[in-house]
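Residue numbers (full-length UniProt numbering): 1 to 219. Built from N, CA and C at the ideal position, the CB exists for glycine as well. First comes the structure, then the notes that go with it.
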């Protein structure tokens, strides 16, 4: 039996198969296979094929390892954030920010975007402070996106929200202007909706952890 397996292994190797490919067909240790195949010489074409195959296998292993490490980091970030809640839950600003994000923030785990939208200047001002103090986001990393109706003065509203948030217009995305329908009431005092954006998936997972920790603490 072993003799037949050895002949098959030699035959497969001469076809340019890798050790891994051979061991998928023949149940034998790598050490034994090395002894069997030590005298087999490969052509340059076969060596090139093996090189490409090994690169593909190594690339797959690396991608899998990176994926596993990324998943572990995500779990660790969320777990650590849950633990932090006990020491922060008595802080009114922390508690308010988590509750507001829970209610109004983007919670899509598919995109993991950190976005908070509201039309209340006080609420937006509070959340800017919250992102800076607890999420450790430097103010220059915060981005603002506005949604307004076409009847409103874009520049005036952009300046209004820049003053409210303390964030310069250079950190504003292009304002989205919604066409005004015929039945729309013209409220010229309305300053649109302000969306605070943070491009950081780790912060999204941290916020998720705080939310879970808060649920455990309160419920």
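Rounded to whole angstroms, how far is the Cβ of residue i from the Cβ of residue j, which I believe are closer than 8 Å?
i, j, result
"residue 172", "residue 112", "The pair is not a contact, with the Cβ atoms about 23 Å apart (cut-off 8 Å)."
"residue 81", "residue 213", "7 Å"
"residue 30", "residue 19", "6 Å"
"residue 166", "residue 139", "7 Å"
Hey, out of the options, whose CA is closest to residue i's CA?
i, options, result
"residue 74", "109, 2, 15, 161", "109"
"residue 128", "28, 70, 154, 94", "94"
"residue 17", "47, 166, 30", "47"
"residue 168", "175, 159, 176, 174", "159"
"residue 136", "199, 100, 150", "199"
"residue 174", "121, 143, 102", "143"
"residue 103", "122, 190, 91, 118", "118"
"residue 131", "191, 97, 161", "97"
"residue 151", "63, 179, 105, 42", "179"
"residue 87", "21, 134, 70", "134"
"residue 191", "45, 62, 161", "161"
"residue 218", "107, 99, 44, 43", "99"
"residue 54", "43, 21, 90", "21"
"residue 141", "43, 42, 121, 170", "170"
"residue 25", "90, 91, 4", "4"
Starting from residue i, trace the alpha helix (DSSP H) in both directions and tell me its first and last residue.
i, result
"residue 206", "201 to 218"
Determine whether the beta carbon atoms of residue i and residue j lie at a separation below 8 Å.
i, j, result
"residue 194", "residue 115", "no"
"residue 164", "residue 157", "no"
"residue 65", "residue 145", "no"
"residue 33", "residue 23", "yes"
"residue 40", "residue 13", "yes"
"residue 68", "residue 210", "no"
"residue 27", "residue 202", "no"
"residue 101", "residue 215", "no"
"residue 154", "residue 177", "yes"
Just curious, the beta strand (DSSP E) that residue i is in, first and last residue?
i, result
"residue 176", "176 to 178"
"residue 196", "193 to 198"
So that I know if they touch, is there some Cβ in chain D lying closer than 8 Å to that of residue i?
i, result
"residue 62", "Protein chains in the displayed structure number just one, and chain D is not present."
Alpha helix (DSSP H) runs wholly inside the segment 82 to 161, at least 4 long, in chain order: 92 to 104, 121 to 133
Unbroken beta strand (DSSP E) runs of length 3 or more, entirely within the segment 7 to 61: which are they? none
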